[in-house]
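Asks: Mapping of the sequence shown onto full-length UniProt numbering: position 116 corresponds to residue 116, and the numbering continues sequentially without gaps. Note that the Cβ used here is the ideal one computed from N, Cα and C, for glycine as well. Can you read through this structure? Questions will come right after.
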Amino acid sequence: MDEVGLTVPPDAGAVSAAELRERVGQHLVFSIGRGATAARLADWRLALSYAIRDRIVVPWFQTAERINAADRKRVYYLSMEFLIGRLLDDAVANLGLESAAREAMAGLGVDYDALVRDEPDAALGNGGLGRLAACFLDSMSAVGVAGLGYGIRYDHGLFRQSFEAGWQAEEAEDWLAQPHPWEFERPEASFPIGFGGSVGPGAGDAGAWHPAETVIAVAYDTPVPGWQGRWVNTLRLWSAKPTREFELQAFNRGDFLGAATPAVLAETISRVLYPDDSTPQGRELRLKQEYFFTAASIRDILQRFERRHGDLAALPDKVAIQLNDTHPAIAGPELIRLLVDERGLAFDAAFDIARGCLHYTNHTLLPEALERWPAELLGRVLPCHLEIVERIDARHARESAAAGRPSDDGTAILGDGEVRMGTLAFVAARRVNGVSALHTRLMQETVFGGLHALHPERIVNQTNGVTPRRWLHGCNPPLRALLQEAIGDGWVADLDRLEALVPLADDAAFRERFAAAKRANKVRLAPWLAEQAGIELAPETLLDVQIKRFHEYKRQLLNLLETVALWNAMRQAPEVDWTPRVKVFGGKAAPGYRMAKLIIKLINDVARTVNDDPAVRGRLQVAFPPNYNVSMAERLIPAADLSEQISTAGLEASGTGNMKLALNGALTVGTLDGANVEIRDRVGEENIFIFGLTAEEVARRRAEGYAPAACIAASPRLAEAVEQIASGRFSPDEPERFRAIVEDLRGHDRFLVCADFEAYWQRQRAIDAAWRDRAAWTRSAVLNVARCGWFSSDRAIRGYAKEIWNAETEF
Ligand code: GL2
Numbered sequence: 001m002d003e004v005g006l007t008v009p010p011d012a013g014a015v016s017a018a019e020l021r022e023r024v025g026q027h028l029v030f031s032i033g034r035g036a037t038a039a040r041l042a043d044w045r046l047a048l049s050y051a052i053r054d055r056i057v058v059p060w061f062q063t064a065e066r067i068n069a070a071d072r073k074r075v076y077y078l079s080m081e082f083l084i085g086r087l088l089d090d091a092v093a094n095l096g097l098e099s100a101a102r103e104a105m106a107g108l109g110v111d112y113d114a115l116v117r118d119e120p121d122a123a124l125g126n127g128g129l130g131r132l133a134a135c136f137l138d139s140m141s142a143v144g145v146a147g148l149g150y151g152i153r154y155d156h157g158l159f160r161q162s163f164e165a166g167w168q169a170e171e172a173e174d175w176l177a178q179p180h181p182w183e184f185e186r187p188e189a190s191f192p193i194g195f196g197g198s199v200g201p202g203a204g205d206a207g208a209w210h211p212a213e214t215v216i217a218v219a220y221d222t223p224v225p226g227w228q229g230r231w232v233n234t235l236r237l238w239s240a241k242p243t244r245e246f247e248l249q250a251f252n253r254g255d256f257l258g259a260a261t262p263a264v265l266a267e268t269i270s271r272v273l274y275p276d277d278s279t280p281q282g283r284e285l286r287l288k289q290e291y292f293f294t295a296a297s298i299r300d301i302l303q304r305f306e307r308r309h310g311d312l313a314a315l316p317d318k319v320a321i322q323l324n325d326t327h328p329a330i331a332g333p334e335l336i337r338l339l340v341d342e343r344g345l346a347f348d349a350a351f352d353i354a355r356g357c358l359h360y361t362n363h364t365l366l367p368e369a370l371e372r373w374p375a376e377l378l379g380r381v382l383p384c385h386l387e388i389v390e391r392i393d394a395r396h397a398r399e400s401a402a403a404g405r406p407s408d409d410g411t412a413i414l415g416d417g418e419v420r421m422g423t424l425a426f427v428a429a430r431r432v433n434g435v436s437a438l439h440t441r442l443m444q445e446t447v448f449g450g451l452h453a454l455h456p457e458r459i460v461n462q463t464n465g466v467t468p469r470r471w472l473h474g475c476n477p478p479l480r481a482l483l484q485e486a487i488g489d490g491w492v493a494d495l496d497r498l499e500a501l502v503p504l505a506d507d508a509a510f511r512e513r514f515a516a517a518k519r520a521n522k523v524r525l526a527p528w529l530a531e532q533a534g535i536e537l538a539p540e541t542l543l544d545v546q547i548k549r550f551h552e553y554k555r556q557l558l559n560l561l562e563t564v565a566l567w568n569a570m571r572q573a574p575e576v577d578w579t580p581r582v583k584v585f586g587g588k589a590a591p592g593y594r595m596a597k598l599i600i601k602l603i604n605d606v607a608r609t610v611n612d613d614p615a616v617r618g619r620l621q622v623a624f625p626p627n628y629n630v631s632m633a634e635r636l637i638p639a640a641d642l643s644e645q646i647s648t649a650g651l652e653a654s655g656t657g658n659m660k661l662a663l664n665g666a667l668t669v670g671t672l673d674g675a676n677v678e679i680r681d682r683v684g685e686e687n688i689f690i691f692g693l694t695a696e697e698v699a700r701r702r703a704e705g706y707a708p709a710a711c712i713a714a715s716p717r718l719a720e721a722v723e724q725i726a727s728g729r730f731s732p733d734e735p736e737r738f739r740a741i742v743e744d745l746r747g748h749d750r751f752l753v754c755a756d757f758e759a760y761w762q763r764q765r766a767i768d769a770a771w772r773d774r775a776a777w778t779r780s781a782v783l784n785v786a787r788c789g790w791f792s793s794d795r796a797i798r799g800y801a802k803e804i805w806n807a808e809t810e811f
């Protein structure tokens with residue numbers, strides 16, 4: 001910095017509107033190359049983004065200097081997914097530059113809000129797992145952990161969803177079509193990554209891997225500013241580049257396509273995010289993606305360590321690596337390989353070092369979602385790693401036998417011709433964590449039962465959390481303003497301070513203002529909802545939202561069946577004073593997930609029928625705005641009154657949407673699943689609508705041989721709804737359309753929709769009644785906000801730092 005004569009501003013936020021305006025003008029001309037009269041919205045957005053980024057760079061350097069000077073332990077968060085969303089408004093808020101940015105842009109005749117909305121979402125993730133990684137990045141900077149996120153810079157993020165005659169259609173997403181102003185390309189930070197080939201003998205424990213194919217991983221760094229810009233970490237995403245751009249000889253022969261082949265093959269690796277978060281793809285390209293970013297990250301980590309330290313045995317004191325799910329589980333074998341083959345360590349010493357650094361977060365117990373790679377495929381793509389996996393497995397078997405628990409099929413890494421990545425990650429990790437108290441207990445009792453008996457100290461819980469910056473301060477200006485007046489803004493960095501609201505729940509004047517903030521959010525949402533889904537949202541209507549990925553276990557179908565039954569009830573008893581509702585569905589289905597896509601079509605068909613029916617006008621409407629993403633969540637969550645968290649108990653590991661909605665004053669209707677349990681424990685039984693079977697009851701019902709027919713027979717309204725779907729009431733053009741759904745409900749009902757239907761219906765009617773006592777409802781909503789401080793991702797990150805990483809926090 002000094003060499004180029006830059007002065008370091010003492011405070012990142014200390015910039016006047018006039019100064020910022022000048023900087024924006026300069027960037028417009030000199031970075032974008034456009035004058036003010038010709039500038040389009042995107043040009044202004046880029047110019048402002050560069051001007052804001054300028055404010056982050058120096059604190060970024062300073063953070064690095066502080067970490068180096070103190071030789072702090074570093075935390076590396078390896079994740080296939082970072083579901084970031086937009087960055088401009090978030091950066092502006094973190095730097096405390098909101099009024100300066102607004103004023104600067106107004107002075108230039110540009111609407112700041114329009115600029116913010118012009119930014120494409122960085123959708124490098126599918127759902128909760130990827131969004132959690134993004135919240136954790138934010139919190140690591142907020143609490144001052146020396147953290148660095150590693151992932152893949154996909155050219156195309158999660159697909160864009162549209163509806164064609166109510167069916168989900170997918171289109172490629174292209175967030176990089178315009179320049180991405182937040183990143184810095186680092187061509188010098190690059191590593192060759194090999195695939196395939198063979199392994200020859202090396203010295204000692206070492207093997208010599210001769211890959212058949214090599215691609216280059218090139219780093220792109222995005223600074224991640226924490227609250228008030230006090231600390232700035234890095235997100236480093238890897239992009240795949242060819243070792244040779246071009247085969248000149250092929251080109252000279254006139255083989256133009258062949259000449260470009262190496263580039264095309266290499267770049268395929270970081271081309272697109274796999275759009276499925278429920279069934280792992282047993283595909284070679286997916287495995288290559290996983291190895292590609294993991295290997296580049298591990299090499300980068302070792303290089304950084306070795307620049308300052310000589311003794312590799314100290315690695316666990318200076319490095320904590322968190323594996324976000326099993327996707328980067330090849331980190332264990334890769335680290336061991338580098339230590340043995342390239343640094344000459346003995347296998348056992350290398351294993352102990354690796355296990356001292358690695359930690360693994362499990363995010364699902366669904367058997368079909370646990371990654372397993374055919375050993376044949378792993379051996380073909382990563383021959384050296386398969387050998388190391390076999391050695392790890394042999395060592396694990398010896399340890400098990402020594403502990404008097406011979407590793408049987410259930411706890412071995414290799415079995416049935418497959419490599420079980422969850423077991424590999426467990427065996428190679430110092431700590432393994434679940435993401436809610438219930439999930440962690442179920443991990444110990446079920447999927448990891450055998451391994452838990454062997455290593456009873458290894459599995460720990462860290463309940464998920466969400467960042468209050470984006471998910472309250474950023475997305476909910478009316479509530480933020482009210483909180484500022486009532487309790488100040490200390491809660492933004494210390495969310496437990498929301499507890500100061502508890503006494504205000506009994507203050508009628510405060511409640512009125514709280515309700516007014518919710519109403520303001522609904523008024524803000526209404527024109528958008530009208531445009532997106534043709535729905536009229538009156539502020540007095542109960543806004544009921546289910547926003548999340550489409551998966552059978554999340555039971556959007558249960559919500560839909562209740563919608564159909566409610567529609568029937570309203571038509572049958574028009575004289576009743578029904579509580580008016582708008583039901584909003586939002587979410588994407590994996591492109592290959594036929595049942596989920598059929599459920600989407602059913603929702604759209606029911607929506608059309610209900611919304612067109614004059615008999616329920618103003619009482620019941622169904623909205624399904626397409627292309628749910630982070631930005632849409634930011635619109636919907638502040639306006640929502642009711643949060644649907646209705647998964648089959650025992651199947652949703654945690655949920656994080658449940659936390660965001662409660663934090664914004666929506667009441668939850670939910671099962672005792674994932675973090676719903678902890679939300680109930682905090683907000684109190686009387687401020688949440690719990691229903692349905694517990695995880696234990698679900699297991700028992702299934703063990704006893706659950707048959708849905710009896711549940712359908714016992715509930716005339718469920719029977720009627722199912723029959724209407726079966727008979728084509730919502731699909732007169734194709735009465736058989738939903739046959740697969742009906743057959744599944746009547747025959748198998750794997751997710752116990754029918755078993756929980758009546759309890760859910762009853763709870764929904766209790767909700768109708770509760771909505772009518774608006775003072776009591778608002779009181780509950782205030783108490784939800786007041787008692788959800790614990791669900792901050794700052795709390796979660798402090799927990800990881802203390803109990804898993806053994807790393808310091810600065811603030
Ligand atoms: C998930 C779980 O399903 C979800 O319950 C949890 O909140 C998140 C984050 O821990 O992880 N697991 C998973 O594979 N996805 C999730 O959202 N996609």
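(1) Under DSSP, the beta strand (DSSP E) around Ser-631 begins and ends at which residues?
(2) Considering only their Cβ atoms, is the gap separating Val-582 from Leu-636 smaller than 8 Å?
(3) For Pro-120 and Gly-692, I'd like the C-alpha separation in whole angstroms.
(4) Could you check if Ala-134 belongs to the surroundings of ligand 1, using beta carbon to heavy atom distance under 7 Å?
(5) From what residue to what residue does the beta strand (DSSP E) around Gly-449 run?
(6) Tell me the start and end of each unbroken alpha helix (DSSP H) in the stretch 13–64 that is at least 4 residues and wholly inside, in chain order.
(7) Under 7 Å from any heavy atom of ligand 1, does the C-beta of Ser-139 make it?
(8) Would you call Pro-223 buried or exposed, if buried means 16 or more other Cβ atoms sit within 10 Å of its Cβ?
(9) Please classify Ala-219 as buried or exposed, where buried requires at least 16 neighbouring CB atoms within 10 angstroms.
(10) Leaving out five residues before and five after Asp-2 in sequence, what residues of the same chain have Cβ atoms less than 8 Å from its Cβ?
(11) Quick one: any contact between the stretch 587–604 and the stretch 265–285, if contact means 3 or more CB pairs under 8 Å?
(12) Answer yes or no: do Ala-517 and Leu-482 have a C-beta to C-beta separation smaller than 8 Å?
(13) Enumerated in chain order, which unbroken segments of the beta strand (DSSP E) with a length of 3 residues or greater are wholly contained in the stretch 162–209?
(14) Beta carbon of Ser-643: closer than 7 Å to some heavy atom of ligand 1?
(15) What do you get for Val-502, buried or exposed, if any count of 16 or more other CB atoms within 10 angstroms of its CB means buried?
(16) Among all the DSSP beta bridges, which residues are the ones paired with Trp-471?
(17) If you count every other CB in all the chains shown that lies within 10 Å of the CB of Thr-63, and 16 or more means buried, which is it?
(18) Ser-436 to Gly-670, Cα distance in whole Å?
(19) DSSP three-state call for Asn-324: helix, strand or coil?
(20) Counting only the same chain and skipping the five closest in sequence on each side, list residues whose C-beta sits under 8 Å from that of Pro-211.
(21) Classify Leu-41: buried if its beta carbon has 16 or more other beta carbons within 10 angstroms, exposed otherwise.
(22) Would you kindly work out how many angstroms separate the C-alpha atoms of Ala-100 and Met-443, rounded to a whole number?
(23) Using the Cβ count rule (16 or more neighbours within 10 Å means buried), how would you classify Lys-601?
(24) Which of the three DSSP states is assigned to Val-145 in this structure?
(25) To the nearest whole angstrom, what separates the beta carbons of Glu-552 and Arg-750, a pair I think is in contact under 8 Å?
(26) By Cβ distance, which residues of its chain are closer than 8 Å to Arg-772, with the 5 residues on each side in sequence left out?
(27) From Val-8 to Glu-19, what distance separates their C-alpha atoms?
(28) Please give me, in chain order, every unbroken run of the alpha helix (DSSP H) with length at least 4 that falls completely inside the stretch 587–615.
(29) Can you give me the C-alpha to C-alpha distance between Leu-642 and Ala-666, rounded to a whole angstrom?
(30) Within a Cβ cutoff of 8 Å, which residues of the same chain sit near Leu-414, ignoring the five residues on either side of it in sequence?
(31) I need the boundaries of the beta strand (DSSP E) containing Leu-358, first residue and last residue.
(32) Among the candidates Asp-794, Ile-298 and Arg-307, whose CA atom is the shortest distance from the CA of Leu-339?
(33) I want to know whether the stretch 339–355 touches the stretch 158–168 - three or more CB-CB distances under 8 Å.
(34) The beta strand (DSSP E) spanning Pro-374 covers which residue range?
(35) Can you give the Cα-Cα distance for Ile-32 and Thr-261, rounded to whole angstroms?
Replies: In terms of the structure at hand:
(1) DSSP places Ser-631 in no beta strand (DSSP E) but in the uninterrupted alpha helix (DSSP H) bounded by 630–639.
(2) No.
(3) Computed Cα separation, rounded: 39 Å.
(4) No - ligand 1 has no heavy atom lying nearer than 7 Å to the Cβ of Ala-134.
(5) Element bounds for Gly-449: not the beta strand (DSSP E) but the alpha helix (DSSP H), 449–454.
(6) Unbroken alpha helix (DSSP H) stretches of 4 residues or longer found wholly inside the stretch 13–64: 17–26, given in chain order.
(7) Relative to ligand 1, Ser-139 has its C-beta separated by 7 Å or more from all heavy atoms.
(8) The residue in question, Pro-223, is buried, as its Cβ has 16 or more Cβ neighbours within 10 Å.
(9) With a threshold of 16 other beta carbon atoms within 10 Å, Ala-219 meets it and is buried.
(10) In this predicted model, Asp-2 has a pLDDT of only 46, less than 50, meaning its place in the structure is not dependable; the value taken from the coordinates is given anyway. By the criterion of a C-beta distance shorter than 8 Å, Asp-2 is surrounded by no residue of its chain, once the five residues flanking it on both sides are discounted.
(11) Three or more Cβ pairs drawn from the stretch 587–604 and the stretch 265–285 lie within less than 8 Å of each other, which places the two stretches in contact.
(12) Leu-482 sits close to Ala-517, with the two beta carbons spaced by under 8 Å.
(13) For the stretch 162–209, whole beta strand (DSSP E) runs of length 3 or above, ordered along the chain, are 167–171, 184–195 and 198–201.
(14) No, ligand 1 has no heavy atom inside 7 Å of this Cβ.
(15) Under this definition Val-502 is an exposed residue.
(16) In the DSSP output, where bridge partners are listed per residue, Trp-471 has none listed.
(17) For Thr-63, the number of other beta carbons within 10 angstroms of its own is at least 16, and it is reported as buried.
(18) Rounded to the nearest angstrom, the gap between the Cα atoms of Ser-436 and Gly-670 is 15 Å.
(19) Strand.
(20) Here Pro-211 has Gly-194, Phe-195, Gly-196 and Gly-197 as same chain residues with Cβ atoms under 8 Å from its own Cβ, once five neighbours each way along the sequence are excluded.
(21) Note on Leu-41: under 16 other CB atoms within 10 angstroms of its CB, so exposed under the neighbour-count rule.
(22) Their backbone Cα atoms lie some 49 Å apart in a straight line.
(23) It counts as buried.
(24) If DSSP states are grouped into helix, strand and coil, Val-145 belongs with coil.
(25) About 7 Å separates the beta carbons of Glu-552 and Arg-750, which is inside the 8 Å limit, making them a contact pair.
(26) The residues are Thr-579.
(27) With a pLDDT of 49 at Val-8, under the threshold of 50, the modelled position of that residue is not reliable, and no figure is offered here.
(28) Counting whole runs of 4 or more residues, the stretch 587–615 contains the alpha helix (DSSP H) stretches 594–611.
(29) Spanning the two alpha carbons is a distance of roughly 5 Å.
(30) Ala-375, Val-389, Glu-390, Asp-393 and Arg-420.
(31) Where Leu-358 is concerned, the enclosing beta strand (DSSP E) stretches over 358–361.
(32) Ranking the options by Cα distance to Leu-339, first place goes to Ile-298.
(33) Proximity of the stretch 339–355 to the stretch 158–168 falls short of the contact definition, fewer than three beta-carbon pairs being nearer than 8 Å.
(34) Pro-374 -> beta strand (DSSP E) spans 372–374.
(35) When the Cα atoms are used, Ile-32 and Thr-261 turn out to be separated by approximately 33 Å.
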